[in-house]
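Protein chains in written order, with the numbering used here: chain A, 923 to 1693; chain B, 127 to 687. Beta carbons: idealized from backbone N, C-alpha and C, even for Gly.
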Amino acid sequence: MDATQPPIYLIILLPLLGAVVNLVVGRKLSRRFVSVVGVGSVAASLAVTVSIIAGPLWAQYTAAQAGEAASPWLQQTLYTWIETGDLRIELAFRLDTLSALMALIVTFVGFLIHVYSVGYMHDEPRYAAYFGYLNLFTASMLVLVLGENLPVMFIGWEAVGLCSYLLIGFWFEKEKNADAGRKAFVVNRIGDFAFILGMCLLFYATGTLSFADFQGPEAQRNLLEIFMWGEPVATWAGILLFIGACGKTAQIPLYVWLPDAMAGPTPVSAIIHGATMVTAGVYMVARMSYMYASSTTAMAIVAGIGAVTALFSAIIALAQSDLKKVLAYSTVSQLGFMVTAVGVGAYVAGIFHLLTHAFFKAGLFLCAGSIIHAMSGSGDIMKMGGLRKRLPLTHISFLAFCLAIAGIFPFSGFFSKDEILVGALTADADGWWMYYGEFLWLLLTLAAACTAFYIFRVYFLVFSGESRADAATQAHIHESPPLVTLPLLVLAACTAVLGFVGIPKLGFLQDIGVGNAISAWLDSSVRSGIVPMEITDGGKLRVMGLVLVVAISAVLTARALYARGVSPRLEAWTSRGPWARVHKVVSDKFYVDELYELIVLRPFRALARGLFVFVDRFVIDTVFVAGPAKVVDLVGAAVRKVQNGQVQRYLAAILVGSAAIFFLASRPAISFEHEQVEPYEVTFEAMVDAGPASVDAEIEWDFLGDGEADATGPEVSHRFSRSGEHEVTMRFRDGVFGRWRSVSRTIEVAAQEESQGAGARDRGAERGSRQ
Amino acid sequence: MTDTSFVLPLLLALPVLGAILVMLVPREEHGLHRGIGLVTALATFGVALFALALFDGEEAGFQLVFDLEWIAALGVHFKVGVDGISIWLVMLTAFLLPIVLLAAHRSVSHRVRDFVAIMLVLQTAMIGAFVALDLFLFYVFWEVMLVPMYLLIGVWGGKRRVYASIKFVIYTVVGSMLMLAAIFYVYVQHGLTTGEYTTDLVQLRELVLPYGAQVWCFAVFALAFAIKVPLFPLHTWLPDAHVEAPTAGSVILAGVLLKLGIYGLLRFAMPLFPLGAAEAAPFIAILAVAGIIYGALVAFVQEDIKKLVAYSSVSHLGFCSLGLFTLTVQGVSGSIFAMLSHGLTTSGLFLAIGVLYERRHTRRLSEFGGLWKQMPIFAALFLIVTLGSAGVPGLSGFVGEFLTVFGTFIAGETFPAGWDSYLPAPKLLAAFAATGVILGAVYLLYMFQKTMFGPLDNERNKSLPDVSRREITVFAPLIAMIFVMGIAPRPFLQTAEPSVDRFLTMYESKLTQPEAVTPYAVEFDEQGNAHRREQPAAPGDAAAERDGAGDAEARAERTQR
């Protein structure tokens, strides 16, 4: 660790220490202390982040811009985490313009959510555990963001999954909440599975997993090598890593955990949707832009999945009646926008939208918390209405967030969404289908229309008209305490102005020195593999104008239909006739969860049970284990006396048995060969197998059949007195046991010389050499 | 022999001495038995730490070697030593025993004296099997281990303990009998080839047996070890043994005994019979992957928590076997690391189940639920070991699994033999093995949810006390090590690496060495007395003499097939 380096690790360590304190001893501490530790650690982390960015990183960045420093980023290696063979993984962190922006988002939005939680969770009995998890969540996300290589990123990647498991299932007394937490973890693990394989493939192909190395020429060359089916490594690794991203960033087909994730406390939804976790996939693709740049195929897949997800979940959000569910599907949809952006190579636009979305979505969830709190815990928007006067602060911030997400000028979402649309429209790459970019743009524009509609549907149903709640709930409605509303107002203020960091690059604006700040900031950290088509200022303005018109019309439609509760005409539409059926399919979320249950979960359970009952219990235990045992049992009836259950006897039997095996194994096979060399004269050769017993063996020959030894030795010859058949016996005394064994054979002795034996001898030699 | 050679014999003698001491104490003095047992186990752990301190992590060969002639007539030595691989397994064994003895404080209440003595004898046998450098000595320890384990299940076990213990013994004995025959064969072959009859592993592994013999001997050794691992489909003794064994037995069984299977393959079967291993590698790898998936799936449907964890061992040990047979540095290191990690996490899980069982005398998942509210400290401990087992990065389980999958993925690139014939297969196998990551989360979190989450609706669970100080003491070292191994795995990997490298280079070089020539006909002198060939030609020359070129080609063909 270089002492002159700024302490990047502190950004992570502070919330981690907060988590340790709150989780280990928090139960015994006062609430005030727990809050101070919980909020303070994130605030300190934010302060460190800001000071490092403003100080050393800025210096490094400007130096690199001026060509004085080699790289525009800071790097810090703590120690070597894993090392075996040529695989060496450093626990290293990297702060560049991209990860700095992410760290700012995580710590700043995270800090506000922590503050909000102090007010919101004040009655929670497991207060310390909550803050401990929240701190851990923040720390994990910071590991993910700041990690210098894929495995370190993966630590954070898995850890945020774990924290979401703990926080979504925080109120675990309800089985449903625990299920939701588990679902989140398992679905994320499906992604992580692919992520691990992606890392394997990348190391296999390039010999490195470090982000800095992927920018180098050697890794770039290796990434372009063909791996499978004519596609380069970059494509396959890109797809594998993106499956991981689909899990984290809730894209089709792995988005199913996110809508259920609202089972946790509302600030948890805010931190999952806003500051941590779900943005990880977008960030990862941007982080790996140097790899994705090598594969337009992978990028096409990323962009396609993103755009389809954006529209699909926006449609689902149109017909949900639970406030948090609308917001959850809205997040899936907005993430689709970001994923499309990074897929078409518009990384700046994607990260920009990530930034603006972090603020307005965290804000929307925090508002939702405030609203649900006021409504005595119910989130059913059909039973709300008229809250404008009762919750003035919540209302004003909610409106700001709605305008932002709907993409109304000048709120932040307008700028970032517009950048994505322009990026999609102008994207075109080698090997893409014709008009693919235009097609993506169309999907996103439709999704943008849906977005404006569903969010203002919620807005009007919640805040305008007359209250539809019952009397008891109405009596209880109250604005939340300052600790809750303050973060909302801060987020709302940010949302109103944040868009101006990304003013579109228009010629006439650039002429007067108004540039796109975020683009300039991020350009050094990402590389787009897709050169966008040229687009004129007029073209850009037309795209902007079109989407603005679409959004405003959607808002007005929503107002017409929902300003005084659900309008009667709409009511009639959705309750009868063909539209009712469509409405039902959409409000039942296209039955995706049911489909999963049918094609994944049930077969999985059936398979698992079937394997256990059939393979384990029946095939292995009954047929192969108990079956022979039955046979043995029958035999054993005869030798029951031996089986007296005394282990020492078994051991004795083991020894005796081993001796027998040894004896049999060491008993060499004996035989002999013969050959007639002259009339009446035959030579004999003993053939004895290897084995300890062949050492110092004795061999005798009996040619006359009288039992007397006529000759000794391995090779002898004998002159027979007559032709015809003779019985010849070879006797063998082995060297170990000293026992005699013999082998006899009748041979034919001819009066003339014959060559019959030669063949036999050859065969014998052949046999020997094979052993 | 250096002056440090006394360490390992001391390590082996201490527990036995402790056991003798325990047996001398009157039967009723339970406290004293436990005290002596614990002190002995701690002292043994101290000696093991001392051995670790003496151990030179840069060195690949065997260290702290102690060599004493034992049965001169047969060339059997009492030879023990450790390398970078076995030192950690010895540490694991020595580390777990004090924990186990402390954990058994309440659960074992009858025949305490016998229990403590048996555990200590078992300790010696296990350490002995890990440090033995003589094939015969290893076999003795291997078999001796069986008896205390048998008694542990049979005496202190559950209802079906007789069935379980007999199943355990029969399974194991079937494997080890055949192995004994193969040991004799190797012994005799080595004697015939070199003229020296010895069971010294270091000498025996210099011998390159003929191809056919290697295949058969490997098959027999692998069977014995695969039963112990247990490799799918030889695993069915394990759930039964675990369910019936007392907590202490389960911890030792899962924590240490199963590792002996992997260790045996690594130390004996593969170095002695590399050609056989090369032939078998893809098949064993496939069985290992099948075990990963099968164990996980079957674990998911278990109603008995202990059975669930037992099947999870089948899954985790699948990773260990797979890593070994990838024959890559990462795979083998991952396998060793996964063994150590599994020793910690699964022991933790069994201890946690023991805690629940002591309180409720049931292990049925449906009996529990919502316990987090009642036992928050226990829940936290249980959660950490569960996550460690599920392979969350930062905890110990991840490193082993990751390295194994990684090693599998790159297998076939580094080693020419065996794998290359199945080239797309390593990547496919890696993908299948990696599903263990998903499935592990599925069954472990299911288990955790069914016990800890949900409503606390069972009346009998509403008065359960949280973990006691003693129980926290039992868990604390395990959890500390789970964190240490997850956060700083490098020292463990680095100490093992020279030995792993050596294992792999020896394996590789033996694949290309000519097979040894054994004289198969007896030579006789003029008087007709039979003799072993006086000066056997150097193996290389003889092979060349006989049919050198053809044979080499045949082998090349085999390895490419």
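- prompt: What did DSSP end up calling S1497/A once you bin it into helix, strand or coil?
  reply: helix
- request: Measuring only between beta-carbons, confirm whether F445/B sits less than 9 Å from chain A.
  value: Not one chain A Cβ lies under 9 Å of F445/B.
- prompt: W282/B and G375/B: beta carbons closer than 9 Å?
  reply: yes
query: Does S459/B get closer than 9 Å to chain A when you measure Cβ to Cβ?
result: Yes, S459/B lies at the interface with chain A (some Cβ there is under 9 Å from its Cβ).
message: Using 9 Å as the threshold, is the C-beta distance between I1035/A and I1193/A below it?
response: yes
query: Rounded to a whole number of angstroms, what is the C-alpha to C-alpha distance between G526/B and F463/B?
result: 5 Å
Cβ of W1003/A within 9 Å of any chain B Cβ: yes
- prompt: What is the DSSP secondary structure of M1356/A, counted as helix, strand or coil?
  reply: M1356/A falls in the coil class under three-state DSSP.
- request: Give the interface partners of E1630/A over in chain B, defined as CB-CB distance under 7 Å, in chain order.
  value: Correct list: empty, because the minimum Cβ distance to chain B is about 16 Å.
query: Going by other Cβ atoms of all chains shown within 10 Å of its Cβ, with 16 needed for buried, is Q987/A buried or exposed?
result: exposed
- request: Kindly provide the ranges of any alpha helix (DSSP H) runs that are 4 or more residues long and lie completely inside the segment 488 to 527 of chain B, ordered along the chain.
  value: 497 to 500 and 502 to 516
query: Applying a beta-carbon distance threshold of less than 8 Å, which residues of chain B neighbour A1100/A?
result: Simply Q575, F579 and G580.
- request: Can you have a look at V1578/A and say buried or exposed, based on whether 16 or more other CB atoms are within 10 angstroms of its CB?
  value: exposed
- prompt: Counting Cβ pairs, one atom from each stretch, are 3 or more of them under 8 Å apart for the segment 1388 to 1399 of chain A and the segment 1304 to 1315 of chain A?
  reply: yes
- prompt: By DSSP, does W363/B sit in helix, in strand, or in coil?
  reply: helix
task: Taking C-beta pairs closer than 8 Å, name the residues in chain B that D1543/A reaches, listed in chain order.
output: T362
- prompt: At which residues does the alpha helix (DSSP H) containing K385/B begin and terminate?
  reply: L384 to G390
- prompt: If contact means a Cβ-Cβ distance below 7 Å, which residues of the segment 989 to 1018 of chain A contact chain B?
  reply: T1002, W1003, I1004, E1005, T1006, G1007 and L1009
message: I want to see whether chain A comes within less than 9 Å of P359/B, judged by CB atoms only; does it?
response: yes
message: Considering only DSSP beta bridges, list what D1302/A is partnered with.
response: D1244/A
- request: Using a threshold of 9 Å, state whether the C-beta atoms of I353/B and I503/B are closer than that.
  value: no
message: Looking at A1134/A: is its Cβ nearer than 9 Å to the Cβ of L1145/A?
response: no
Min CB distance I564/B to chain A below 9 Å: yes
field: Beta-carbon separation (whole angstroms), L215/B vs F181/B, contact threshold 8 Å
entry: Actually they do not touch by this definition, with Cβ atoms about 13 Å apart.
query: Per the contact definition of three or more C-beta pairs closer than 8 Å, is the segment 214 to 232 of chain B in contact with the segment 268 to 278 of chain B?
result: Of all C-beta pairs linking the segment 268 to 278 of chain B to the segment 214 to 232 of chain B, fewer than three are shorter than 8 Å, placing the two stretches out of contact.
- request: Could I get the ranges of all uninterrupted beta strand (DSSP E) runs contained in the segment 1400 to 1477 of chain A, with 3 residues as the minimum, in chain order?
  value: none
task: Return the first residue and the last residue of the alpha helix (DSSP H) that K293/B is part of.
output: If you look at K293/B, you'll find it in the alpha helix (DSSP H) that goes R287 to T320.
- request: Give the straight-line distance between the Cα atoms of G1460/A and T1006/A, rounded to the nearest whole angstrom.
  value: 57 Å
query: Among F1378/A, D1543/A and I975/A, which has the Cα closest to the Cα of S1475/A?
result: Of the listed residues, the one whose Cα sits closest to S1475/A is F1378/A.
query: In chain B, which residues lie with their C-beta within 7 Å of the C-beta of I1161/A?
result: The contacting residues do not exist; I1161/A stays about 13 Å from chain B at best.
message: Across the segment 589 to 609 of chain B and the segment 145 to 156 of chain B, are there enough close Cβ pairs to call them in contact, namely three or more that are closer than 8 Å?
response: The segment 589 to 609 of chain B and the segment 145 to 156 of chain B do not touch, with fewer than 3 CB-CB distances between them shorter than 8 Å.
Whether F351/B touches A308/B by CB criterion (9 Å): no
message: When you compare the CB of K1311/A with every CB in chain B, is at least one pair closer than 9 Å?
response: No, its Cβ sits nowhere closer than 9 Å to a Cβ of chain B.
- prompt: With a cut-off of 9 Å, does the C-beta of L1123/A fall near any C-beta of chain B?
  reply: yes
- request: With DSSP as the reference, label N1099/A as helix, strand or coil.
  value: helix
message: Cβ closer than 7 Å: which chain A residues qualify as neighbours of V568/B?
response: V1108
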